[in-house]
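Heads up: the sequence shown runs through residues -17 to -1, 1 to 429, numbered per mature numbering (1 follows the signal peptide of the UniProt record, and there is no 0).
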Amino acid sequence: MSRWYNILLILCVPASSTVLSDFETLAYEEPACDYPGVSIDLSNLGLKAIRKKLTSSTEISCLSLAENVLKNVSEDVFNELPNLSYLNLAGNCFRQNPFEVPGSIRTLVLDNALVPERGEVRRDRVHHCGIKTKEIVNTDLDRILELKLNWSSLEKLYLHSNELTGLIFENPGPNLTHLYLENNRLRSNNLSIPATVTHLFLSDNFINTFGQMYLEGLEVLVLDNNNITTLCITDRDGPCNYNSYDLALSRAGQLKVLSLAGNDIRFIEYFDVLNKIGLEYLDLSRNTAVAVPLITKFKNLRSLHLDEIGISEVPDLSGLEVLETLTLKRNLIKAITAGSFQSLVVYQQLKHISLADNSISTIEPNAFDQLKLLEEINLSGNRLSILDASWLGSHLKLQCLRLDRNLFTGIKNMGLSSQLIVDYVNIADNPFELQTANDFQSLPGT
């Protein structure tokens, strides 16, 4: 009688948690302290107030008071910490501007820390902050944060998950470069971004237009899960009519990373796009009207993400001469042919391919052979049941091969060979029948 097994074989765990490129994910970045000096962690202690100075020290550079119940902090509490560079106040219960921030602070974390003066308070915050139920009222009220802080040294500001509908800076300092505003209720007409900002994270808001005045100095712009529907891309001073598009990139000369996943983009227009827009990373996932020929105009792309856009075959990406990472997850692709990647073969730069969660049941022999620099192939979550012994050339030196969550009934059906050079192999969650010791001899490196 046949038995079913879930097998995970790890020949070598990858050195990093991400096998894909440097920009594989632009998910929320956990604030961390990387400044030299002494770090003090006073998080999750149930503190409700700090009315006196904490300590006197020139050695303390990092202080975390996260996940307490602080509603106010004495203005002089940090006065004796002249070299304090990192201050984490996430998960507290402050009302608007809680105190004067020390001038030495370079990273300030206020994620999920600002309780509205009026308007709806999320249920988790009601319990955590001890807010009376009568304070929970109309969700439509604006909540615009006016920041009046000491900005002399501040470089990174985190305001994730504060239910903000608008943001106004009063006399921002010269050093603020990273601004994290994900998961609020920000709207375009109440948004003010300092000109010094180079890295801007605005995922999961209600933004439907993004002004040209904010684009000129930006290097990273993340607008996932907003309401951008029309996009115009052209060289500087090109023919984009700014009033006709939600986002026009003619002034984005410094932009390296652009993520617009989940925006329901319906119309994209471009005019003579040359190398002046030097995008290296582009994510248009979860948009159904993606114009692939337009994408090939970005000659500097190193990482391209076209997940869940409804395509049924690998697109022609001729012109992307330096492309290293390509993800086509959750599409409608059913087969990989010997010519699927022909448009990229001539450049020999592609290192990472993800075709996870498609409907692939067929891979032709030698389909990946000409991509000689490949380091990762992700085929998890497809409908593969048997592969030819020549589907993967023995000359390839892979760091990672994923064949998990398919329909293989045995290792021998995977077309693998002990001669293959692969550091990490995942074959979990396949409906394996009983396997013998000899079956495992066909795995790479055995």
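Where a beta carbon is used, it is the ideal one built from N, C-alpha and C, also for glycine.
Values in this document were obtained by computation on a predicted structure and should not be read as measured data.
Quick test of your reading: residue i and residue j, contact by CB under 8 Å. State the CB separation rounded to the nearest angstrom.
i, j, result
"residue 291", "residue 240", "In fact, because the Cβ distance is near 20 Å, the residues do not count as touching under 8 Å."
"residue 389", "residue 365", "5 Å"
"residue 332", "residue 359", "Contact doesn't hold; Cβ gap of about 14 Å is too wide."
"residue 169", "residue 185", "7 Å"
"residue 214", "residue 228", "6 Å"
"residue 211", "residue 167", "Not really, about 16 Å apart at Cβ, beyond 8 Å."
"residue 279", "residue 293", "Incorrect: roughly 19 Å between the Cβ atoms, too far for contact."
"residue 141", "residue 97", "Wrong, their Cβ atoms sit about 11 Å apart, outside the cutoff."
Check the DSSP bridge columns for residue i and list the partner residues they point to.
i, result
"residue 184", "163, 205"
"residue 318", "345"
"residue 32", "55"
"residue 90", "69, 139"
"residue 367", "Per DSSP, none; premise fails for residue 367."
"residue 78", "98"
"residue 46", "23, 70"
"residue 252", "215"
"residue 230", "214"
State the start and end residues of the unbroken alpha helix (DSSP H) segment that holds residue i.
i, result
"residue 430", "Here the chain covers residues -17 to 429 and nothing more, so residue 430 does not appear."
"residue 327", "325 to 328"
Using DSSP with H/G/I as helix, E/B as strand and the rest coil, what is residue i?
i, result
"residue 409", "strand"
"residue 247", "coil"
"residue 275", "helix"
"residue 171", "helix"
"residue 117", "Residue placement at residue 117 is flagged as unreliable, the pLDDT there being 44, under the threshold of 50; the coordinate-derived value follows with that caveat. Residue 117: helix per DSSP, three-state reduction."
"residue 264", "strand"
"residue 24", "strand"
"residue 394", "helix"
"residue 112", "helix"
"residue 286", "strand"
"residue -5", "With a pLDDT of 37 at residue -5, under the threshold of 50, the modelled position of that residue is not reliable, and no figure is offered here."
"residue 400", "coil"
"residue 197", "helix"
"residue 40", "coil"
"residue 425", "helix"
"residue 7", "Low confidence applies here, because residue 7 scores a pLDDT of 48, under 50, leaving its location unreliable and the question unanswered by this model."
State the start and end residues of the unbroken beta strand (DSSP E) segment that holds residue i.
i, result
"residue 154", "Run containing residue 154: none; DSSP gives neither H nor E here."
"residue 143", "No beta strand (DSSP E) holds residue 143; DSSP gives it neither H nor E."
"residue 60", "It is not in any beta strand (DSSP E) - residue 60 carries neither H nor E in the DSSP assignment."
"residue 301", "From DSSP, residue 301 is part of no beta strand (DSSP E); its letter is neither H nor E."
"residue 214", "213 to 217"
"residue 389", "Segment: none, residue 389 is in no beta strand (DSSP E) and carries neither H nor E."
"residue 310", "308 to 310"
"residue 242", "240 to 242"
"residue 127", "127 to 130"
"residue 190", "First-last for residue 190: undefined, no H or E at that position."
"residue 468", "No answer is possible for residue 468: it lies beyond the span of the chain, which begins at -17 and ends at 429."
"residue 337", "335 to 337"
Please name the residue, chosen from the options, that lies closest to residue i on a Cα-to-Cα basis.
i, options, result
"residue 237", "129, 313, 199, 175", "199"
"residue 234", "262, 244, 245", "262"
"residue 289", "315, 282, 44, 302", "315"
"residue 65", "72, 75, 37", "37"
"residue 85", "76, 57, 344, 408", "57"
"residue 243", "223, 253, 266", "266"
"residue 144", "41, 422, 347, 13", "13"
"residue 70", "29, 127, 137, 373", "137"
"residue 88", "21, 75, 134", "134"
"residue 139", "156, 125, 148", "156"
"residue 50", "95, 423, 22", "95"
"residue 52", "43, 32, 40, 42", "32"
"residue 270", "317, 311, 425", "311"
"residue 217", "209, 231, 208", "231"
"residue 29", "41, 112, 40, 403", "112"
Is residue i near the ligand SAM, with its Cβ less than 7 Å from a heavy atom?
i, result
"residue 353", "The model depicted lacks the ligand SAM and carries no ligand whatsoever."
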